Amino acid sequence: MSIRFTFGGDEHIFGEVSEEMSLEAFFTSLSMTRAIRAAGIRGVTEVCPANASFQVKFDPDAISPEDLLKELQGMEAAASQSDASLRTRIIEIPVYYQDPWTHETLMRFRERHQDPTRTDLEYAAEVNGLGTVENFIRAHSSQPWFVSMVGFVAGLPFLYQMVERERQLQVPKYLRPRTDTPRLTVGHGGCFSCIYSVRGAGGYQMFGITPMPIYDPNQQVSYLRDEMCLFRPGDIVKWKPIGREEYDAALEEVAQNRFEPVIRPATFSLAEFNRDMAGTNAKLMEALNGR
Amino acid sequence: MAVKVISPGLSTTVQDLGRPGYYHLGIPLSGGMDRFALRVANMLVGNDEGAAVLEAVFTGPELEFTAPATVAVTGADLPPRLNGEERAGWEAFPVRAGDRLSFGFLKSGARICIAVSGGIDVPVKLGSRSTYTLGALGGHEGRALMAGDELAVGAAGGAGGGSVPEALRRRPGSLAELRMLPGLYWHRITAEAGRRFFADTWKVAPEADRIGYRFRGGAPLEFVPREQPFGAGSDPSNIVDACYPYGSIQVPGGTEPIVLHRDAVSGGGYMMLGCVISADMDLIGQLQPHAPARFVEVTMEQALAARHDRRAALQRVRDHLGK
Chain A
1 MSIRFTFGGD
11 EHIFGEVSEE
21 MSLEAFFTSL
31 SMTRAIRAAG
41 IRGVTEVCPA
51 NASFQVKFDP
61 DAISPEDLLK
71 ELQGMEAAAS
81 QSDASLRTRI
91 IEIPVYYQDP
101 WTHETLMRFR
111 ERHQDPTRTD
121 LEYAAEVNGL
131 GTVENFIRAH
141 SSQPWFVSMV
151 GFVAGLPFLY
161 QMVERERQLQ
171 VPKYLRPRTD
181 TPRLTVGHGG
191 CFSCIYSVRG
201 AGGYQMFGIT
211 PMPIYDPNQQ
221 VSYLRDEMCL
231 FRPGDIVKWK
241 PIGREEYDAA
251 LEEVAQNRFE
261 PVIRPATFSL
271 AEFNRDMAGT
281 NAKLMEALNG
291 R
Chain B
292 MAVKVISPGL
302 STTVQDLGRP
312 GYYHLGIPLS
322 GGMDRFALRV
332 ANMLVGNDEG
342 AAVLEAVFTG
352 PELEFTAPAT
362 VAVTGADLPP
372 RLNGEERAGW
382 EAFPVRAGDR
392 LSFGFLKSGA
402 RICIAVSGGI
412 DVPVKLGSRS
422 TYTLGALGGH
432 EGRALMAGDE
442 LAVGAAGGAG
452 GGSVPEALRR
462 RPGSLAELRM
472 LPGLYWHRIT
482 AEAGRRFFAD
492 TWKVAPEADR
502 IGYRFRGGAP
512 LEFVPREQPF
522 GAGSDPSNIV
532 DACYPYGSIQ
542 VPGGTEPIVL
552 HRDAVSGGGY
562 MMLGCVISAD
572 MDLIGQLQPH
582 APARFVEVTM
592 EQALAARHDR
602 RAALQRVRDH
612 LGK
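First to last, the protein sequences are chains A and B. Under our numbering, think of the first position of the first sequence as 1, with each following residue one higher. Under our numbering, think of the first position of the second sequence as 292, with each following residue one higher.
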């Protein structure tokens, strides 16, 4: 994979590792951005990894765009050969699928949807050939997901499903973006799921909602006191389907600041994952469930 | 010393020079849309150039001061009034305890900066006092001001005073020319579409805010045909979700370009044609809806020269004010 570098105006260099999504492209982007951060290049102010690309913001008064480009190009060989493995975390996210709040919202924006006669989940089940919403929820929640980017808005994770490409769930985005999405909606567009960290515009299909805050600008939530944003690239997520009662109980715990998310240390090796996806995922589940 | 908000105007927020270093988490720079105006407002009242000010868009707030201070209003031509009496923009004036600052009707431009000697003293969040409303972060309680809010003001430091003549100010022309460096996913559109993009006159759409400015009125883009890459989405304007540079011009569906500004969404799945250069970002912050604009192609060399010119323009103001 050879990185396509291009300037974003006079203050950014954008590197596209690959046009298409893959964990290989993600890991190259991650090692590039780690190497750039570690190099401490004068004038570099922001280093942002994305799914299959990355971006560096710089001050052209401190370093010339051409000089910075040469430095980044010099790091490419090492980054693409680096060992694609991580010491990371697996995080369980409770999801109330088919909840009343995303349902109310999706009904308000039916005219912007591909199939106004059906809900987002019904449509997603159909286009993935899974027949029923229950089957779709099972496919969505049975295997873990990889956080391959954080952004759009504060702390929003983009999640990539850890299964063979032919089994990946893919759903088009809304024809025209909605102007409203409930906070903590679990959405999906293209091959990515996400969790909307704040209320606002959005174009992803809406599947459900989590009771668990993932961004807290006031840093009051017990597990967000040190960092406002829960997620970082490389985290692994497991959805846990819950019903209304569990959702309400979790909300109550959140309100009293007693909610403790299940977060366990885990390791991930891309080579191992590519050799044996089911085995790797089973090990991750063991790490999560402590068995 | 404090500033009381009698009425907030359409949307008035606390802003400084922004919050670098958190874009990788989706937290944008924020800060003044027109940084030139923000720096000059602070110079006029004797503050550090990066002190926090109030930024108001289209209509001004009504404010009451609880102690004497020096005040200056820069940016758009939105006439300040002190106790009902008109004051000049781009000029320092004293206020006393109990004085009220209000504004007339907008004559040109879009945003003003209201600087108060000592600076607006809201808590610093992640290194900045700027308001990022979408993330409810910074500023006054993470939101635009409301009637009844009271904002602390810091202790005044340096000497204020003076005014900045018209010739030293910076504002967009009646047909705004936004210089742009093509790049990023420019190769996704045909040569003819690229030619049209620069030839067309665009108009600022009503959807223009601190996140981004939408433009309409030009020809829809024609894309180079391709099979969409895995994960990108089905529309030809879709890419695998990537980072969005500040000033980047995305064109969802190939129809209406959006230039991302200080409260930018940090990434997403739409192709971008390139970026408006750093020197012209301030100008976008002064465009009203329906204002006509053209995108003008420049090289990196020209972009850096423009950046240098903008810095020189700021230095001329400093020299004029004896800073």
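All C-beta atoms, glycine included, are put in the ideal place defined by N, C-alpha and C. Keep in mind that this is a model prediction, so the values were computed, not measured.
Excluding sequence positions up to five away, which residues of its chain have a Cβ less than 8 Å from the Cβ of residue i?
i      : result
B/P385 : P359, A360, T361 and V362
B/Y535 : Q541, L551, A555, V556, S557, G558, G559 and M563
Residue i to residue j, Cα distance in whole Å?
i      : j      : result
A/G40  : A/R34  : 10 Å
B/G430 : A/E164 : 46 Å
A/T45  : B/R310 : 11 Å
B/V415 : B/G351 : 24 Å
B/I480 : B/R460 : 37 Å
A/M32  : A/C48  : 10 Å
A/T179 : A/D226 : 31 Å
A/N257 : A/N218 : 13 Å
B/H611 : B/V344 : 22 Å
B/F349 : B/A367 : 8 Å
A/L72  : A/T6   : 11 Å
A/P157 : B/E382 : 46 Å
B/P473 : B/G565 : 4 Å
B/A458 : A/A154 : 40 Å
A/A84  : B/L369 : 56 Å
B/V587 : B/G545 : 19 Å
B/R601 : A/G202 : 36 Å
A/G279 : A/I263 : 20 Å
B/P456 : B/R462 : 13 Å
A/S269 : B/Q519 : 29 Å
B/S408 : A/N51  : 45 Å
A/L184 : B/S465 : 43 Å
B/A484 : B/H478 : 11 Å
A/P261 : A/E246 : 14 Å
A/L106 : A/R176 : 13 Å
B/E340 : B/A332 : 8 Å
A/T119 : A/R112 : 12 Å
Can you check DSSP and say which residues form a bridge with residue i?
i      : result
A/H188 : A/S193 and A/Q205
A/R89  : A/P265
B/V515 : Its beta-bridge partners do not exist; DSSP assigns none.
A/H12  : A/G8 and A/K57
B/Y504 : B/A499 and B/V550
A/G46  : In the sequence as displayed, the identity of residue 46 of chain A is Glu instead of Gly. According to DSSP, A/E46 bridges with A/K57.
A/Q161 : A/W145
B/E468 : B/R585
B/T481 : The partner list for B/T481 (beta bridge, DSSP) is empty, contrary to what the question assumes.
A/E286 : DSSP output for A/E286 lists no bridge partner at all.
B/T492 : Looking at the DSSP assignment, B/T492 forms no beta bridge with any residue, so it has no partner.
Can you give me the Cβ contacts of residue i inside the same chain, cut-off strictly under 6 Å, excluding the 5 residues immediately before and after it?
i      : result
A/W239 : I93, V95 and S141
A/E16  : R4 and S53
B/E547 : R505 and R507
B/K614 : M334
A/S222 : N257
Since residue i and residue j are thought to touch, with beta carbons under 8 Å apart, how far apart are those beta carbons, to the nearest angstrom?
i      : j      : result
B/G576 : B/H552 : 7 Å
A/P211 : A/Y97  : That pair is no contact at about 13 Å.
B/K295 : B/L373 : 15 Å between Cβ atoms; not a contact.
A/T88  : A/G208 : That pair is no contact at about 24 Å.
A/Y204 : A/G187 : 3 Å
B/L442 : B/V413 : 7 Å
B/L605 : B/R330 : 6 Å
A/T181 : A/M206 : 7 Å
A/A287 : A/I90  : 6 Å
B/D491 : B/A467 : Contact doesn't hold; Cβ gap of about 13 Å is too wide.
B/G322 : B/D307 : 6 Å
A/R42  : A/A25  : Not quite, the Cβ-Cβ distance comes to about 28 Å (not below 8 Å), so this is no contact.
A/A266 : A/I236 : 6 Å
B/G621 : B/G337 : Absent from the model: residue 621 of chain B. The displayed extent of chain B is 292 to 614, so no value can be given.
B/V364 : B/I297 : Actually they are not in contact, since the Cβ atoms of B/V364 and B/I297 sit about 16 Å apart, beyond 8 Å.
Within a Cβ cutoff of 7 Å, which residues of the same chain sit near residue i, ignoring the five residues on either side of it in sequence?
i      : result
B/M324 : E346, R402, R501, H552, R553 and G576
A/A79  : T28, S31, M32 and A35
A/L251 : P211
A/L69  : F5 and I13
### Message
Check whether the stretch 9 to 23 of chain A and the stretch 560 to 570 of chain B touch, using three or more Cβ-Cβ pairs below 8 Å as the test.
### Response
yes
### Query
For the stretch 555 to 562 of chain B against the stretch 526 to 542 of chain B, are there 3 or more C-beta pairs whose distance is under 8 Å?
yes
#### Entry: Cβ pair count under 8 Å reaching 3, the stretch 490 to 504 of chain B against the stretch 578 to 587 of chain B
yes
### Query
Any contact of the stretch 421 to 438 of chain B with the stretch 299 to 306 of chain B, i.e. 3+ C-beta pairs under 8 Å?
yes
### Task
Decide if the stretch 189 to 198 of chain A is in contact with the stretch 213 to 228 of chain A; the criterion is three or more beta carbon pairs, one per stretch, under 8 Å apart.
yes
### Contact the stretch 169 to 176 of chain A vs the stretch 396 to 411 of chain B: 3+ CB pairs below 8 Å
no
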